[in-house]
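Numbering (my numbering), first residue to last: 509 to 679. From the three backbone atoms N, C-alpha and C, an ideal C-beta is built for every residue, glycine too.
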Amino acid sequence: MDSRLRSAEEEAQEYQAYLKRLESERSSDAGSKSVKELEGEYEALLAEEASLKEELRSLREEEQSGEKDLEALIQERKALEKEESSYLREYYSYTRRVLNAEDDYRSLDSQFKYAQSQWETLKRRTCITQPFIYGTSGTLRRSTASAWDVSPPFLWSGRKSMPLGDKQPFS
Numbered sequence: 509m510d511s512r513l514r515s516a517e518e519e520a521q522e523y524q525a526y527l528k529r530l531e532s533e534r535s536s537d538a539g540s541k542s543v544k545e546l547e548g549e550y551e552a553l554l555a556e557e558a559s560l561k562e563e564l565r566s567l568r569e570e571e572q573s574g575e576k577d578l579e580a581l582i583q584e585r586k587a588l589e590k591e592e593s594s595y596l597r598e599y600y601s602y603t604r605r606v607l608n609a610e611d612d613y614r615s616l617d618s619q620f621k622y623a624q625s626q627w628e629t630l631k632r633r634t635c636i637t638q639p640f641i642y643g644t645s646g647t648l649r650r651s652t653a654s655a656w657d658v659s660p661p662f663l664w665s666g667r668k669s670m671p672l673g674d675k676q677p678f679s
């Protein structure tokens, strides 16, 4: 039994040595592949870094040109706002002038219609009714050449006219 035990222990040691040797071979093969793979990845990453740096540089250039364009657009907007405000002032000025002209037109039209109605009234008057202006209270006032010359009212009796307050006929 001792001999079997020794032979089993020797086999176990040989087996252990064989496993260690296999693992070391695998690790050396795997390590060499890993280094090659890592070097390939490193080269790929360096190439990607270079392309990203180039892209970053182009993006910075685009940003600078975008800022310049934005500055130009802001200046253009300010100029357009200034121009718009001057056009609005001019528009409001013209609108005010149009409204004043319309008011003047209505006023002149009303004056013309009033003058036309007065003209029609004057054309209808006869030489008999011309010297008298009929008042609203039923009295007659004598029409004179002067607007400041106020004559006393007359009572209309049909036969003769006498001033109120005067007992003598009007001459």
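In this structure, the alpha-carbon of G574 lies about 10 Å from that of L567. When secondary structure is reduced to three states using DSSP, R633 falls in the coil class, being assigned neither helix nor strand. By the criterion of a C-beta distance shorter than 6 Å, Q521 is surrounded by no residue of its chain, once the five residues flanking it on both sides are discounted. Look at the segment 576-631 and you find no whole run of alpha helix (DSSP H) that is 4 residues long or longer. L596 and L578 have their C-alpha atoms spaced approximately 26 Å apart.
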